[in-house]
Amino acid sequence: GMTAAPVAPTFTDLERERLARIALTQLIEPGTPLLDTCMVGSTAIEVYRRFAEEDPDLGDDGLEARLRLAQIHPDRDLERAANAGFRYVIPGDEEWPTQVERLAGQEHLQYRTGTPLGLWVRGPLLLSDLDRSVAIVGSRDATAYGADAAARIAADLAVNDFVTVSGAAVGIDAAAHRGALTGPPGSTVAVL
1 GMTAAPVAPT FTDLERERLA RIALTQLIEP GTPLLDTCMV GSTAIEVYRR
51 FAEEDPDLGD DGLEARLRLA QIHPDRDLER AANAGFRYVI PGDEEWPTQV
101 ERLAGQEHLQ YRTGTPLGLW VRGPLLLSDL DRSVAIVGSR DATAYGADAA
151 ARIAADLAVN DFVTVSGAAV GIDAAAHRGA LTGPPGSTVA VL
């Protein structure tokens, strides 16, 4: 009898775009002006090809990126992340937070600009549920008063169904997360 040849897995356009975005985050530092410029009107797949095909217009950043091409395995990275409970959310996903689109075309700040290529997420909260969210951030070296104020603000927000978004540092960030989880616990998101 004849045996069928193994069928290669097929990827949707969104899955291919996700893998290309993961690869780009490893090829070139996310948020660099070059990457932001390349992404205007292009897919991540097209931008990745420009790096792989040694587009001279990419300059030194492109040369450095090409040296890393052989070490990049986005499919393996995505599988490892999924096994650890992470997902990589990109534009086109139902949970993509449209608020981050406002970052497109902004002035550079510390040589960073643009919309993120994607966001690694872990936890049950969907990023699309952050339409009622407030960022509470501040000093790591917070005073007792400052930490107490941050916790009280976050607790009040939680009672009113707002999600607290902060970093994961000690000080104000930690106080905000603690405050959101007191009383009737709310939701918090730590941005790393």
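Taking my numbering, the leading residue of the sequence shown gets 1, the next gets one more, and so forth.
Backbone N, C-alpha and C fix where the C-beta goes; we use that ideal spot for every residue, glycine too.
Where does residue i sit, in a helix, a strand or coil, going by DSSP?
| i | result |
| --- | --- |
| Arg68 | helix |
| Leu109 | strand |
| Val100 | helix |
| Asp93 | strand |
| Gly171 | coil |
| Gly179 | helix |
| Pro74 | helix |
The alpha helix (DSSP H) that contains residue i, what's its start and end?
| i | result |
| --- | --- |
| Leu119 | From DSSP, Leu119 is part of no alpha helix (DSSP H) but of the beta strand (DSSP E) over 119-122. |
| Thr25 | 13-27 |
| Asp161 | Run containing Asp161: none; DSSP gives neither H nor E here. |
Can you tell me which residues form a DSSP beta bridge with residue i?
| i | result |
| --- | --- |
| Arg87 | Val121 |
| Ala190 | Ser166 |
Rounded C-beta distance between residue i and residue j? I'm assuming under 8 Å.
| i | j | result |
| --- | --- | --- |
| Leu117 | Arg21 | 4 Å |
| Val165 | Val189 | 5 Å |
| Ala151 | Arg178 | 6 Å |
| Glu79 | Thr43 | The pair is not a contact, with the Cβ atoms about 22 Å apart (cut-off 8 Å). |
| Thr115 | Leu125 | Contact doesn't hold; Cβ gap of about 21 Å is too wide. |
| Ala216 | Ala142 | Outside the displayed span of the chain (1 to 192) sits residue 216, for which this structure offers no information. |
| Tyr48 | Ala81 | The Cβ separation is near 19 Å, so there is no contact. |
| Leu119 | Pro74 | Contact flag wrong, Cβ pair sits at about 15 Å. |
(message) Going residue by residue through the segment 114-159, where are the continuous alpha helix (DSSP H) segments of at least 4 residues, counting only ones entirely within it?
(response) 144-159
(message) Ignoring anything shorter than 4 residues, give me the alpha helix (DSSP H) runs that lie fully in the segment 31-55, in order along the chain.
(response) 33-39, 44-52
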